[in-house]
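Protein chains in written order, with my numbering: chain X, 1 to 211; chain D, 212 to 422.
Just so you know, even glycine gets a beta-carbon here, dropped at the ideal spot from N, CA and C.
Structure follows, in structure tokens:
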């Protein structure tokens with residue numbers, strides 16, 4: 001079986017899930033924490049080398065304050081949960097903004113935690129325009145090495161929960177050749193079968209890198 | 212009904228279609244010409260303002276010479292067919308390469324043809340890296356206005372034929388918020404229902420532009 005080296009995770013649908021449960025929209029994010037950890041363990045078991053989670057974006061920070069606080073808090077907790085697993089952790093996002101949680105600053109350089117291990121990247125206050133804004137046309141260097149997100153490699157497979165079929169600004173350069181698998185269920189309803197189905201689907205794709 | 216302003220078309224599956232018909236792979240592209248014209252007329256009837264066709268890419272030029280000649284020829288013919296319809300035509304691609312068909316050079320500036328009309332963009336010898344390579348981090352200007360493809364606007368809906376779920380380097384900046392609809396059938400098997408289904412699906416999406 002051909003396993004992707006690097007997977008991107010778009011854990012969408014937290015607010016719709018909360019609404020469906022009769023909760024406030026901002027209460028959904030907490031219910032996405034356990035799935036994030038479960039998925040990490042599953043990815044490790046498959047031998048996947050790198051995983052990138054879409055935490056929150058600069059665009060998301062146009063939402064009501066109560067939601068912003070909730071997803072910022074959930075991101076900090078997610079990073080702490082993940083870091084206990086033994087990972088090579090990197091946070092990528094615009095730290096020059098109020099929206100970036102200060103607790104996460106130490107991880108904006110790749111850091112081996114609990115003995116190191118799988119590369120785990122977490123996008124926090126990320127913006128696609130911010131990411132591309134340090135490209136210098138004068139540089140004789142591949143674009144992918146010029147980005148703010150230059151320590152995140154090309155992505156083989158992107159899995160998105162919540163039945164929406166778009167990238168929403170997720171790493172536009174690393175995603176140019178990615179296969180894109182969408183799961184109808186909302187992220188808090190994560191099941192290990194979802195991930196298994198995505199990996200099996202990827203195995204059947206003809207990978208050409210645009211050729 | 213909410214109609215997308217700008218649609219992107221990835222007409223994939225020509226080679227697989229040809230193989231399925233017992234033809235040489237390179238013979239598929241010719242059978243993609245009539246669908247391209249039919250789709251254009253259908254898009255006009257819906258009142259769509261801009262359409263971008265993925266012709267061929269720099270990546271595609273790694274294929275055998277017989278295929279390269281066939282898709283270059285098909286692109287030139289497609290542009291000629293389309294231009295007769297009354298369009299505001301623009302070809303975007305790297306003209307500084309042997310692979311760019313000389314006949315198309317006059318259209319690398321937007322040109323009103325047969326009275327003008329819908330904006331029709333055609334990517335010819337396009338490369339995502341080439342497109343981003345003129346970004347200047349020093350410029351106080353949105354990234355989308357700095358690209359080689361700066362005359363192509365943000366895309367609302369991308370429709371891809373041939374059952375492959377990836378962008379394959381298609382306009383990474385204009386696609387950051389695009390909804391992505393994939394049709395199982397190969398491009399030469401285009402039916403007007405495909406387009407109708409895609410437009411109806413788009414109408415049901417919640418458009419947030421990342422917010």
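query                                                                                                                     : result
DSSP three-state assignment for residue 199 of chain X, whether helix, strand or coil                                     : helix
Residue 355 of chain D beta carbon near the ligand MN (any heavy atom closer than 7 Å)                                    : Of ligands this structure carries none, so the ligand MN is not represented either.
Assigned secondary structure, residue 51 of chain X (DSSP; H/G/I helix, E/B strand, else coil)                            : strand
Residue of D:219, D:297, D:258 and D:403 minimising C-alpha distance to residue 213 of chain D                            : D:258
Local conformation of residue 37 of chain X per DSSP, three classes                                                       : helix
Residue 29 of chain X and residue 14 of chain X closer than 8 Å at C-beta                                                 : yes
Cβ-based neighbour list, residue 265 of chain D, same chain, cut-off 6 Å, excluding 5 preceding and 5 following           : 221, 334 and 381
Rounded C-alpha distance that separates residue 206 of chain X from residue 375 of chain D                                : 9 Å
CB contact flag (residue 127 of chain X, residue 57 of chain X, <8 Å)                                                     : yes
Residue-chain proximity (residue 136 of chain X, chain D), Cβ-Cβ < 8 Å                                                    : yes
C-beta neighbour in chain D for residue 15 of chain X, strict 8 Å                                                         : no
Chain X contact for residue 223 of chain D (CB, 8 Å cutoff)                                                               : no
Under 8 Å between C-beta atoms of residue 132 of chain X and residue 354 of chain D                                       : yes
Beta-carbon neighbours of residue 57 of chain X, restricted to chain D and to distances below 8 Å                         : 421
Members of the region 176-191 of chain X near chain D, C-beta cut-off 9 Å                                                 : 176, 177, 178, 179, 180, 181 and 182
Chain D contact for residue 165 of chain X (CB, 8 Å cutoff)                                                               : yes
Amino acids of chain X, ordered along the chain, whose beta-carbon sits closer than 9 Å to that of residue 344 of chain D : 135, 137 and 143
Reduced DSSP category for residue 225 of chain D - H, G, I as helix; E, B as strand; rest coil                            : helix
Which of helix, strand or coil DSSP assigns to residue 214 of chain D                                                     : coil
Sequence-distant residues of its chain with Cβ nearer than 6 Å to residue 345 of chain D (five each side left out)        : 359
For residue 16 of chain X and residue 110 of chain X, the rounded distance between their alpha carbons                    : 33 Å
Option nearest residue 106 of chain X by Cα separation, candidates X:130, X:80 and X:98                                   : X:80
Touch test, the region 389-402 of chain D against the region 191-199 of chain X, Cβ-Cβ under 8 Å, three pairs minimum     : no
Interface flag, residue 176 of chain D vs chain X, CB-CB below 8 Å                                                        : There is no way to answer for residue 176 of chain D, as the model of chain D reaches only from 212 to 422.
Beta strand (DSSP E) runs wholly inside the region 271-331 of chain D, at least 3 long, in chain order                    : 298-303 and 322-324
The region 272-288 of chain D: positions lying closer than 8 Å to chain X by Cβ                                           : 273 and 274
Exposed unless 16 or more other CB atoms sit within 10 angstroms - verdict on residue 252 of chain D                      : exposed
Chain X contact for residue 303 of chain D (CB, 8 Å cutoff)                                                               : no
Partners in chain D for residue 79 of chain X, counting only beta-carbon separations shorter than 8 Å                     : Simply none; closest approach about 22 Å.
Min CB distance residue 4 of chain X to chain D below 8 Å                                                                 : no
C-alpha distance - residue 199 of chain X paired with residue 325 of chain D, whole-angstrom precision                    : 50 Å
Pairwise C-alpha distance: residue 348 of chain D and residue 145 of chain X                                              : 14 Å
Supposed contact pair residue 153 of chain X and residue 120 of chain X - C-beta distance, whole angstroms, cut 8 Å       : Residue 120 of chain X to residue 153 of chain X, Cβ: 13 Å. No contact.
Cα-Cα separation between residue 301 of chain D and residue 180 of chain X, rounded to whole angstroms                    : 29 Å
Nearest-angstrom Cα separation, counted from residue 140 of chain X out to residue 174 of chain X                         : 19 Å
Whole-angstrom distance between residue 45 of chain X and residue 22 of chain X, CA atom to CA atom                       : 35 Å
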